[in-house]
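Colleague:
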Amino acid sequence: MAKSYQLYTLRVEIRGVSPPIWRRVQVEGFDSLRKLHHILQAAFGWTGSHLHDFKINDKTYAMLDLDDALDGMDPNKIFDDRKTRLQKVAYLGLNFVYNYDFGDGWEHDIVVEKVEPIDGEPYGCAQILAGARACPPEDVGGPFRYQDILDTLRKRPRSEEAKDYLRWAGEDFDAELFDRRAANAALLRMAWNRWGGK
6 MAKSYQLYTL
16 RVEIRGVSPP
26 IWRRVQVEGF
36 DSLRKLHHIL
46 QAAFGWTGSH
56 LHDFKINDKT
66 YAMLDLDDAL
76 DGMDPNKIFD
86 DRKTRLQKVA
96 YLGLNFVYNY
106 DFGDGWEHDI
116 VVEKVEPIDG
126 EPYGCAQILA
136 GARACPPEDV
146 GGPFRYQDIL
156 DTLRKRPRSE
166 EAKDYLRWAG
176 EDFDAELFDR
186 RAANAALLRM
196 AWNRWGGK
């Protein structure tokens with residue numbers, strides 16, 4: 006009997022930032038949640054330098070391959086994100102959360118918008134269909150601090166505070182810029198190099 010493969014369309018939005026920062030991503034159902042983490046990192050432009058987990062139907066899927074990952078966690082509700090396939094836990098209409106950087110607290114709301122069969126073999130590469138706005142810089146302090154910075158850049162762009170922020174983030178930082186081609190190129194490099202599969 007031939008295996009059936011499914012393609013998931015996910016809408017992912019960072020919580021607590023306005024206007025919204027979001028991506029619409031197509032991923033294969035056979036991908037592990039760990040691989041989904043890597044896909045989301047590339048889709049948004051995060052660096053992957055912090056811990057993450059997924060909250061799906063009262064269960065947490067986390068990085069259990071780290072020595073201190075289980076500290077303070079309930080082992081009856083924590084599962085290994087490397088061993089959990091998207092198609093085993095996700096279904097059409099499901100809402101779940103991807104947390105990244107527990108210190109800054111970036112929560113991403115994910116909605117499964119579409120699930121469709123793949124004819125033949127899977128493609129082996131995720132892709133970004135659409136999106137809006139740039140990813141916040143790493144270690145900026147979370148959504149509320151980032152929103153304060155955006156307000157400062159918009160309302161007082163010539164202030165010393167705005168200048169300090171741009172020196173830190175990069176003079177060319179543009180909060181409105183989303184480059185779908187660059188994000189898809191990062192996903193293609195991941196696929197070619199077989200990165201993110203573990």
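Taking the working numbering, the leading residue of the sequence shown gets 6, the next gets one more, and so forth.
Backbone N, C-alpha and C define an ideal beta-carbon position, used for all residues, glycine too.
1. Cα separation between H43 and D156?
2. Per DSSP, which one or two residues make a beta bridge with A215?
3. Let me check one thing: in DSSP terms, what residues is I44 bridge-paired to?
4. Does DSSP put E33 in a helix, in a strand, or in coil?
5. Hey, could you find the ends of the beta strand (DSSP E) K64 is sitting in?
6. Below 8 Å on the Cβ atoms is my guess for P148 versus V22; work out the distance and round it to an integer in Å.
7. Of all the options Y151, G34, N198 and L193, which has the alpha carbon lying nearest to the alpha carbon of E215?
8. So, helix, strand or coil for Y128, using DSSP?
Modeller: Based on what the coordinates show:
1. Sequence index remark: in the sequence shown, residue 43 carries index 38 (1-based). Sequence index remark: in the sequence shown, residue 156 carries index 151 (1-based). Whole-angstrom Cα-Cα distance: 30 Å.
2. In the structure as shown, the chain begins at 6 and stops at 203. Residue 215 is therefore absent and cannot be evaluated.
3. Residue mapping note: residue 44 aligns to position 39 of the sequence shown, counting from 1. Under DSSP, no beta-bridge partner is assigned to I44.
4. The residue you call residue 33 lines up with position 28 of the sequence shown. Judged by DSSP in its simplified three-state form, E33 adopts strand.
5. As a first step, residue 64 is located in the sequence shown; it is residue number 59 there, counting from the start. K64 to A67 is the extent of the beta strand (DSSP E) around K64.
6. For the purposes of this step, residue 148 is identified with residue 143 of the sequence shown, where counting begins at 1. For the purposes of this step, residue 22 is identified with residue 17 of the sequence shown, where counting begins at 1. Right, their Cβ atoms sit about 5 Å apart.
7. Here the chain has residues from 6 to 203 only, and residue 215 is not among them.
8. Within the sequence shown, the letter at position 123 stands for residue 128. In this structure, Y128 counts as coil in the three-state DSSP scheme.
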